[in-house]
Amino acid sequence: MRQKELAEKTGKTRNAIASICNNKSQPHLKDLKKIAAILDVDIRELLVPTK
């Protein structure tokens with residue numbers, strides 16, 4: 011999915027989605043849940059484990 015399409019589906023700007031994708035900003039948990047649902051993935055796949 012392109013960032014533009016994800017931005018439209020989440021109601022965020024393309025720049026906001028690009029910042030999240032490039033790890034320059036972190037989404038709120040509610041937005042992370044929404045992104046996971048749109049992408050049809052477990053939310054844990056969007057997170058980097060610390061251990």
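Under our numbering, the residues of the sequence shown are numbered 11 to 61, in order.
Just so it is clear, CB atoms sit at the ideal spot from N, CA and C, and this is done for glycine as well.
Note that the structure is predicted; figures quoted are calculated from it, not measured.
Requested in this report: Could you pull out every unbroken alpha helix (DSSP H) segment of at least 4 residues lying fully inside the region 15-56, listed in chain order?
Outcome: Under the rule that a run must span 4 or more residues, the alpha helix (DSSP H) segments found entirely inside the region 15-56 read 24-31 and 39-49.
Query raised in the report: Between the C-alpha atoms of Asp41 and Met11, what's the straight-line distance to the nearest angstrom?
Result: 17 Å
Query raised in the report: Would you call Leu16 buried or exposed, if buried means 16 or more other Cβ atoms sit within 10 Å of its Cβ?
Result: So Leu16 ends up on the buried side.
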